[in-house]
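>
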Amino acid sequence: MKATDILDTLPIGLVVLDRSYRVQSWNHWMTIHSGMNPDAILNHSIFNFYPGLNKPSFIRACKTVLTFGNVVYLSQKLHRYLFPFRLPGGSVDGCEYMQQSCTMSPVHSEDGTITQVAIAVHDVTDTVLMERRLRRVNNLDDLTGAFNRRYLDQRLREEFDRHRRYNRTLSICIFDLDHFKETNDSIGHLAGDHALIEIRKLVTGHLRDIDVLARFGGEEFVCIMPETTRADAAQVSERLRSSIEETVLHWKNSEFRITASFGVATLRPEMLEARDMLEAADKALYKAKEKRNSVVSDAELSSTQASPIEQAGRS
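Quick note: the sequence shown uses the numbering used here, first residue 61, plus one each step.
1) CB Gly277 to CB Arg225, shorter than 8 angstroms?
2) Excluding the five sequence neighbours on either side, which residues of its own chain have a C-beta within less than 7 angstroms of the C-beta of Gly154, listed in chain order?
3) Check the DSSP bridge columns for Tyr157 and list the partner residues they point to.
4) Need the endpoints of the alpha helix (DSSP H) that Tyr211 sits in, please.
5) Distance check for Leu147 and Thr127, CA to CA, integer angstroms please.
6) With contact counted as at least three CB pairs below 8 angstroms, one residue from each stretch, are the segment 244–260 and the segment 348–360 in contact?
7) Please name the residue or residues paired with Ile381 in a DSSP beta bridge.
8) Return helix, strand or coil for Ala334, following the three-state DSSP convention.
9) Residues in the same chain with beta-carbon distance under 6 angstroms from Leu237, minus the five sequence neighbours each way, listed in chain order, please.
10) Say whether the segment 228–246 touches the segment 199–208, bearing in mind that this needs 3 or more beta-carbon pairs closer than 8 angstroms, one atom from each stretch.
11) Which residue comes first and which comes last in the beta strand (DSSP E) that contains Arg299?
12) Pairs of beta-carbons, one from the segment 162–181 and one from the segment 66–81, closer than 8 angstroms: are there three or more?
13) In whole angstroms, what separates the C-alpha of Val344 from that of Leu194?
14) Considering only the beta carbon of each residue, do Ala293 and Thr326 sit closer than 8 angstroms?
15) Thinking just about the alpha-carbon of each residue, which of Leu216, Gly95, Tyr211 is nearest to the one in Ala334?
16) Please list, in chain order, all residues of the same chain as Ser135 whose beta carbon is under 7 angstroms from its beta carbon, the five residues on each side excluded.
17) Excluding sequence positions up to five away, which residues of its chain have a Cβ less than 8 angstroms from the Cβ of Tyr157?
18) Could you give the distance in angstroms between the alpha-carbon of Met337 and the alpha-carbon of Val324?
19) State the Cα-Cα distance for the pair Ile72 and His88, rounded to the nearest angstrom.
20) Considering only DSSP beta bridges, list what Ile234 is partnered with.
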């Protein structure tokens, strides 16, 4: 078996470039995934076929290998992919192209001079997709499919710090299903579980992609609304409250309705931690629960004036 034949049996891509970035080797794996035969690309500049590689980061990596003989690793986390090979079945879980980790190594001539750079291309798409699925499962509430409390705490801290640092407006709402225990007692806990799932779906349908809905515990949920004023957050909450009230839920032979109360809070200068926002929204929720099936904002609990950062509208 010839050396070139051995290269064609490798389960990874192998590309060899000379100092002028002309392709000197293009193995069978690369042919399969690129749809390009070696005869079409050998001795031609790689940039003629993949102009996206003609950028400072790739050229710098090649020069590092050719000049110093270093091995350069291009991780998937930083670069996603080097060669834009579309996935056979189309986009999967946000991945349109094969995810790759690549290693660039020097190739020496007989006299020891570095003349070429070899690029090994590893397909890590399956690993990336598995990591994403595991991460998503770890962040989701088992019953409802909303984000869980751990993810809520993490994301709220991140959003709080970011909005506070850049003087942007941030709002949250906490909502609680009214007299939910009565639903469980009268129709059954499975009906209650069904209601939680349906309410999560309903609320998600009213939110933007950048909003975060999480189950706070029991029948309580929290929604993080970036770039949202108190007035807009209250308006969104009222729309959610009304939609929940109007929804008829079905369980076996039973029909029932549920109402919800909402507490809204908006980032203020005196708030130093994300927990301060949660406490403010929780106090507003407590007031809303007294009225039942209503929306109360933290502004209604004190005379605090709206802060300057609340002037920006909901994007």
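The beta-carbon is built from N, C-alpha and C at its ideal position, and this holds for glycine as well.
Checking against the coordinates, here is how it stands:
1) no
2) none
3) Arg146
4) 209–225
5) 35 angstroms
6) no
7) Examination of residue 381 is not possible in this model, given that the chain is present from 61 through 375 alone.
8) helix
9) Glu279, Ile318, Ala320
10) no
11) Per DSSP, Arg299 belongs to no beta strand (DSSP E); it is in the alpha helix (DSSP H), 290–306.
12) yes
13) Val is not the amino acid found at residue 344; the sequence shown has Ala there. C-alpha separation (whole angstroms): 35 angstroms.
14) yes
15) Leu216
16) Ser161
17) Arg140, Tyr141, Pro144, Phe145, Arg146, Leu147
18) 9 angstroms
19) 9 angstroms
20) Val282, Gly323
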